[in-house]
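Asks:
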Amino acid sequence: MLLRCVWRESRRSCFWFSYRGIRMAGIGGTEWTAEMEAEIRAIAEREMPEDMTAEDKKVVREARKKMKEIEKAKKKERKAAAAAAAVNLAESARVDDVEYLDASKEPEQIYGDYKLIQSRCAKTGSGRKFTKVEALDASQIGKQLWIRARLHNVRAVAKNAFLILRQKTSSAQAVLSPSDTIPREMIKWALKNITTESVIDVQGQIVESEVKSCTQNTIEIAVQRLYVVSKAAQPLPFLPDDAARPVHEEGVHVDRKTRLDARIVDLRVQAHQAIFRIQSGVCQLFREFLYGHGFTEIHSPKLIAGASEGGANVFHLEYFKNPACLAQSPQLYKQMAICGDMERVFEVKENHFLRFGVW
C-alpha cells in the first residue's frame, strides 16, 4: 500500500513509502503539486526509531531538508507579496493635490493637500457635514465623523502619529496607525508635511480612550482620511503654547510687541479666546435685560465734526482733508432718538477717553 511521496528536484524523482518501509521509484518529469508538499510534510514529521533502516532515515532527512527549503521559499514569497501590496497601496494613495466638490464623490486619495478652493460647489455647498470638536464625547463612540480644525501639534510615537486638533477652546486627539488601509507613507507625510496651525479635514472613527492632554479626554479619533485645507506658513512668529504660558512658569515667553505684531496668532490662545467670550456674554446680558424693558439699541457715529461735550480731551484727526474728532459720548444722538419718539434707547460701545479720573 503506497502512502507517502517525496519530491526531490535534484534527481527529479519520487519516493514512495509503504507502511513498514521506504522504497524508491523514479518518475521523470513529475510536476510539483500541493499534494506532494503535503506528503513531504508528513514524512518530515515522522519519528526516526532505532530500528529504521539507514535508507529510510536518509529519506526522512531529505524530506526535512526539503521542508525547510519550502518554508524559506514561502516566507520569501510572502515578503515579496507584502512589499508589492505596500507599493500598490502607496501608489493608490499618492500625494497629489486633491479636488473635492461634492460629498457624494469622495476623492480616491485618502490624504493630501486640497487644490485651490474655488466657488465651484453647488449652491447648497459640498454636502459634507462637520462635527464640532466640543461636541465629541463618549456618546459618539463607533461613529464615523468629519472634523475640520487646526493642527495644534503632531508627534510620532513608535510607528504611530498623534495629532492634536484644536477648535476655539476645545481640543481632541487623532491617531494615525499603520494598517491595511493606512499606508506608512501617509503617516510619514503627516509628520513631515503638515505644519503646525494648518487647517485640516479629518475623517475618522470615534474610539474610547483616555487623553489627559485634551479637553475631550474620553475619546480619540482613529483617522481614515486626512486632507490639508490651508497650510500654515513656517516659521510662525510664535506658538500659541508659548503665548499661553504663565509668567511664573519656566519656558519661552512672548513679549507684548511680538503678540501685537502677530495678533491673529495671539488670539488663538485659549485664555484670549475666553476673554472675548466673557466680553460677548456680558454684552449679551446687558442687551437681554434692556430688551426685556422695551429698549431699542442704536449705533451712533464715532467720527464727528466737533467736540460733543466740550473740554480739552477730545481726540482730533483729519478725515478726507476735513477736521474731525472722536465722539466722547453718544449723548447727543440718544437725545435725538428720544425726541424722535423712540422713547428708550441704549448703545453698547467702547470708551474712547478717560473721564472723572477713573483708570
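FYI, my numbering numbers position 160 of the sequence shown as 218, with every residue one higher than the one before it.
Glycine included, every Cβ here is placed at the ideal spot set by N, Cα and C.
Cα separation between residue 203 and residue 188?
Replies: 7 Å
Asks: Suppose the cutoff is 7 Å on Cβ atoms and the five residues either side in sequence are ignored; what does the same chain contact list for residue 404 look like?
Replies: 348, 353, 355
Asks: Of all the beta strand (DSSP E) runs that stay within the bounds of the segment 340-392, which reach a length of 3 or more residues?
Replies: 374-377, 380-384
Asks: What residues in its chain sit with their C-beta under 7 Å from that of residue 316, if we drop five residues either side in the sequence?
Replies: For residue 316, where only same-chain residues beyond five positions count, the Cβ hits under 7 Å are 295, 296.
Asks: May I ask which residues mark the beginning and end of the alpha helix (DSSP H) holding residue 243?
Replies: 242-251
Asks: Buried or exposed: where does residue 241 fall if 16 or more other Cβ atoms within 10 Å of its Cβ makes it buried?
Replies: buried
Asks: Any contact of the segment 191-206 with the segment 261-278, i.e. 3+ C-beta pairs under 8 Å?
Replies: yes
Asks: Cα-Cα, which of 329, 282, 306, 389 is closest to residue 169?
Replies: 282
Asks: Pairing CB atoms from the segment 286-294 with CB atoms from the segment 239-258, are three or more of them under 8 Å?
Replies: yes
Asks: Output the boundary residues of the alpha helix (DSSP H) element that contains residue 321.
Replies: 321-324
Asks: Mapping the DSSP letters down to three states, classify residue 330 as helix, strand or coil.
Replies: helix
Asks: What is the DSSP secondary structure of residue 192, reduced to helix, strand or coil?
Replies: Looking at residue 192 - three-state DSSP - the assignment turns out to be helix.
Asks: Suppose you measure from the CA of residue 333 to the CA of residue 234; what does that come to, to the nearest Å?
Replies: 34 Å
Asks: Am I right that residue 230 and residue 274 are in contact with their C-beta atoms under 8 Å? What's the rounded C-beta distance?
Replies: Between residue 274 and residue 230 the Cβ distance is about 4 Å, and since that is below 8 Å, they are a contact.
Asks: Which residues does DSSP pair with residue 262 in a beta bridge?
Replies: 203, 281
Asks: With burial defined as no fewer than 16 other Cβ atoms inside 10 Å of the residue's Cβ, what is the status of residue 400: buried or exposed?
Replies: exposed
Asks: Go to residue 232, then tell me how far its beta strand (DSSP E) extends in each direction, as first and last residue.
Replies: Segment 228-234, the beta strand (DSSP E) holding residue 232.
Asks: Going by C-alpha to C-alpha distance, which of 198, 300, 134, 304 sits closest to residue 310?
Replies: Considering only alpha carbons, the answer is 300.
Asks: Roughly how many angstroms lie between the CA atoms of residue 61 and residue 236, to the nearest whole one?
Replies: Residue placement at residue 61 is flagged as unreliable, the pLDDT there being 38, under the threshold of 50; the coordinate-derived value follows with that caveat. Using only the alpha carbons, I get a separation of about 46 Å.
Asks: At the level of alpha carbons, what is the spacing between residue 155 and residue 271?
Replies: 32 Å
Asks: Which of the three DSSP states, helix, strand or coil, is assigned to residue 398?
Replies: helix
Asks: Going straight from the alpha carbon of residue 140 to that of residue 133, what length do you get?
Replies: 11 Å
Asks: So, at 7 Å on beta carbons, what are the nonlocal neighbours of residue 377 in its own chain, with the 5 sequence-adjacent residues on each side left out?
Replies: 361
Asks: Between which residues of its own chain and residue 269 is the CB-CB distance below 6 Å, once the five residues before and five after are set aside?
Replies: 231, 275, 278
Asks: Which residues does DSSP pair with residue 288 in a beta bridge?
Replies: Note: residue 288 sits in a beta bridge opposite 257.
Asks: Would you kindly work out how many angstroms separate the C-alpha atoms of residue 379 and residue 304, rounded to a whole number?
Replies: 46 Å
Asks: So, with DSSP's three-state summary, where would you put residue 404?
Replies: strand
Asks: Under DSSP, the beta strand (DSSP E) around residue 219 begins and ends at which residues?
Replies: 218-225
Asks: Are there 16 or more other CB atoms within 10 angstroms of the CB of residue 137, so buried, or fewer, so exposed?
Replies: By the 10 Å Cβ count, residue 137 comes out exposed.
Asks: Could you give the distance in angstroms between the alpha-carbon of residue 163 and the alpha-carbon of residue 174?
Replies: Approximately 18 Å, taken between the alpha carbons.
Asks: Exposed or buried, residue 113, counting other C-beta atoms within 10 Å across all chains shown (16 or more means buried)?
Replies: exposed
Asks: Looking at C-alpha atoms only, which residue of 217, 211, 216 is the closest neighbour of residue 224?
Replies: Nearest neighbour of residue 224 by Cα position, chosen from 217, 211, 216, turns out to be 211.
Asks: Measuring alpha carbon to alpha carbon, tell me which of 197, 226, 249 ends up nearest residue 220.
Replies: 249
Asks: Under a Cβ-count criterion, where at least 16 other Cβ atoms within 10 Å of its own Cβ denotes burial, should residue 238 be classed as buried or exposed?
Replies: exposed
Asks: Less than 7 Å between the C-beta atoms of residue 419 and residue 328, yes or no?
Replies: A query on residue 419 cannot be resolved here, the shown segment of the chain reaching from 59 to 417 and no further.
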